Amino acid sequence: MSRTSITAEPFDLELDPSTTALVIIDMQRDFLQPHGFGELLGNDVSLLRSAIEPTRAVLEAARAAGMLVVHTREGHRPDLTDCPPAKLTRGGKTFIGTDGPMGRILVRGEEGHDIIPELYPIAGEPVIDKPGKGAFFETDLHIILRNHGIRTLILCGVTTEVCVHTTVREGNDRGYECVVLEDCVGSYFPEFQEVGLKMIKAQGGIFGWVSNSEHAIKALA
Ligand code: C5J
Numbered sequence: 001m002s003r004t005s006i007t008a009e010p011f012d013l014e015l016d017p018s019t020t021a022l023v024i025i026d027m028q029r030d031f032l033q034p035h036g037f038g039e040l041l042g043n044d045v046s047l048l049r050s051a052i053e054p055t056r057a058v059l060e061a062a063r064a065a066g067m068l069v070v071h072t073r074e075g076h077r078p079d080l081t082d083c084p085p086a087k088l089t090r091g092g093k094t095f096i097g098t099d100g101p102m103g104r105i106l107v108r109g110e111e112g113h114d115i116i117p118e119l120y121p122i123a124g125e126p127v128i129d130k131p132g133k134g135a136f137f138e139t140d141l142h143i144i145l146r147n148h149g150i151r152t153l154i155l156c157g158v159t160t161e162v163c164v165h166t167t168v169r170e171g172n173d174r175g176y177e178c179v180v181l182e183d184c185v186g187s188y189f190p191e192f193q194e195v196g197l198k199m200i201k202a203q204g205g206i207f208g209w210v211s212n213s214e215h216a217i218k219a220l221a
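For the sequence shown, full-length UniProt numbering assigns the number 1 to the initial residue and increments by one for each residue that follows.
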C-alpha cells in the first residue's frame, strides 16, 4: 500500500502504512473489565470499554494493511523489584502487587495484567511490558520501531491522560508523528478525556494529531 492521508486535527496528515505502526496501549483486563484494578479504585469502566469496538475495527484494518501492530501492558515483575517505591505506595485503596479479583494487581503473568480477549495480540505482534506509564521508558519499543523503519504512530488505548498521553509525549520527543484516535482512547474522567485530546492538537499539534477510527480505517483501506 502506498502513501495515503488521514483526516485529522489540527491538519490532515500524510502517512505511509509501511512506515506506520498501530500502538495499542494497556488494553488490559485490570483496567477494562468489571472487578479489575480500575473498578476497585471506584472508576466506571464503561468509560473505557467504549474504546474497545472502534479499536478492534482499526486493529482489523491495520492487520489487513500489513502494518506493524504493537501492544503494551503496564505491570511489574512478581517480586516488584522494577517498581519504584514511590509508585508502590500510591493508588488509593488498592496497591500494586496486592491481591485483586484477577490476581495480583499489575503483576506480570496474572490474569488481570493480560490484554482483553477482544484485542488479543496475534503471532508476530510485539507485546511491550512496561514498568512506567510511557511505553518508551525502560522498554525496547524505540529499537523495535526503528528497526521496522517506523515514522508514524497511530495510538489507541487507555487511559487517555495517563499512559496514552505519556507515550505520545515520549514518541513526539523521539521524532515520531503521533496520531491519537479519539474514539479509541478512554479515560475514567470525561473532563480529562476532553482536555487530554485538546492538549495533543493544540498550538498547531504540539504533541501530534487527533483523528478517529472512521478516518483511520478509510486511510488504511
Ligand atoms: C494508569 C494507564 N492510568 N494505562 N495506567 O494507571 O493509563
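The beta carbon of each residue, even a glycine, is placed where N, CA and C say it ideally should be. Keep in mind the model is a prediction, meaning the values are calculated, not measured.
Should residue i be listed as close to ligand 1, given that the test is whether its C-beta is under 6 Å from any heavy atom?
i      : result
Val162 : yes
Glu74  : yes
Asp129 : no
Thr55  : no
Thr139 : no
Thr98  : no
Thr159 : yes
Asp16  : no
Asp114 : no
Asp44  : no
Asp30  : no
Asp26  : yes
Residue j and residue i - do their beta-carbons sit closer together than 7 Å?
i           : j      : result
Asp26       : Glu74  : yes
Val195      : Phe31  : no
residue 232 : Thr7   : Only positions 1 to 221 of the chain appear in this structure, which leaves residue 232 out of reach.
Ser211      : Ala57  : no
Lys130      : Thr72  : yes
Asn172      : Gly205 : no
Gly149      : Ala51  : no
Gly100      : Gly112 : yes
Leu181      : Cys156 : yes
Tell me the DSSP secondary structure of residue i in three-state form.
i           : result
Asp173      : helix
Gln28       : strand
Cys178      : strand
Val45       : coil
Ile154      : strand
Glu14       : strand
Ala221      : coil
Gly112      : helix
residue 290 : This structure cannot speak to residue 290, because the chain is shown only from 1 to 221.
Arg73       : strand
Glu118      : helix
Cys184      : strand
Glu125      : coil
Ser211      : strand
Chain B beta carbons: is any one of them nearer than 7 Å to that of residue i?
i      : result
Ala135 : Judged by its chain identifiers, the structure shown contains no chain B, having just a single protein chain.
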